[in-house]
Amino acid sequence: LKEKLKSTARWREELQEELALNKKQTEALRRCLAKLKKALSKSDEPLKVFSRFLNKVRTLNIASSGQHGVSTLQRE
Numbered sequence: 082l083k084e085k086l087k088s089t090a091r092w093r094e095e096l097q098e099e100l101a102l103n104k105k106q107t108e109a110l111r112r113c114l115a116k117l118k119k120a121l122s123k124s125d126e127p128l129k130v131f132s133r134f135l136n137k138v139r140t141l142n143i144a145s146s147g148q149h150g151v152s153t154l155q156r157e
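Count along the sequence shown from 1, add 81, and you get the number used in the working numbering.
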């Protein structure tokens with residue numbers, strides 16, 4: 082019985098160590114995920130700005146091309 086208690090105590094210690102390690106790794110992964118989400122949201126912004134710019138350029142080119150409706154970008 083004494084040996085069984087010793088074995089169980091050691092097993093419990095190992096489980097607690099693993100749990101602590103898992104919690105630490107989980108927190109590190111959460112921080113990493115937050116950084117990735119932030120980076121992704123920032124990388125999307127230049128594309129949105131460029132798309133708005135391109136739409137304005139196309140609108141201006143169509144308006145200035147008269148009735149033909151062919152923009153400089155479409156000709157190139």
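Glycine residues also receive a C-beta, built at the ideal position from the N, C-alpha and C atoms.
Looking at the backbone, the Cα of R133 and that of N103 are separated by about 45 Å. Look at L117 here: in three-state DSSP terms it is helix. K119 has its alpha-carbon roughly 39 Å from the corresponding atom of R93.
Residue state for L82 is assigned as coil, using DSSP reduced to three classes. The three-state secondary structure of S146, taken from DSSP, is coil.
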